[in-house]
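If you're matching positions, the sequence shown starts at 1 in UniProt numbering and goes up one per residue.
Backbone N, C-alpha and C define an ideal beta-carbon position, used for all residues, glycine too.
Read through the structure below, which is laid out as structure tokens, and then see the notes.
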Amino acid sequence: MPVERYRFHCTDGEHAVIDRTGRWVRNPELIWSHAERVAREVMDSCGSQLDWSEWIVDIHDSKGRRAGMLNFTDVRDERQAA
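Given below as structure tokens:
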């Protein structure tokens, strides 16, 4: 199975956290767990006082094509349920 580099950018359409290095992923299904981890790291580093309702993790493959998108609110809900 080929390994591909994915980049996990975070944005609300106005502000952005750019993933300049990316992550090598062997199984494309693993991009979702990494996207959740990235969203948690951004939320943890910026604090809970911010409104995360418009933020997404915008996942791109090594050719710059969108491979997926994850809403921060979906991740936050999972964390509160845990």
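Cutoff 6 angstroms; reference residue i; Cβ partners in own chain excluding five residues on either side
i: Ala39; result: Val57, Phe72, Val75
i: Asp19; result: Arg7, Phe8, His9
CA nearest to the CA of residue i, picked from the options
i: Thr11; options: Gly64, Glu4, Ile59, Ser48; result: Ile59
i: Val17; options: Leu30, Ser45, Glu29; result: Ser45
Residue i CB to nearest heavy atom of the ligand SAM below 7 angstroms
i: Gly22; result: Among the components of this structure there are no ligands whatsoever, and the ligand SAM is therefore not found.
Same chain only: Cβ atoms within 7 angstroms of residue i, ignoring 5 sequence neighbours per side
i: Arg37; result: none
Sequence-distant residues of its chain with Cβ nearer than 8 angstroms to residue i (five each side left out)
i: Gly22; result: Arg5, Tyr6, Arg7, Phe8, Ser62
i: His34; result: Tyr6, Phe8, Arg23, Val25
i: Val3; result: Trp24, Val25, Arg26
CB-CB length for residue i against residue j, believed under 8 angstroms
i: Gly13; j: Glu54; result: 6 angstroms
i: Met43; j: Trp32; result: No, Met43 and Trp32 are not in contact; Cβ-Cβ is about 17 angstroms, not under 8 angstroms.
Limits of the beta strand (DSSP E) - the one that residue i falls within
i: Val57; result: 56-60
Beta-bridge pairing of residue i - partner residues as DSSP gives them
i: Asn27; result: Answer is none; Asn27 lacks a bridge partner.
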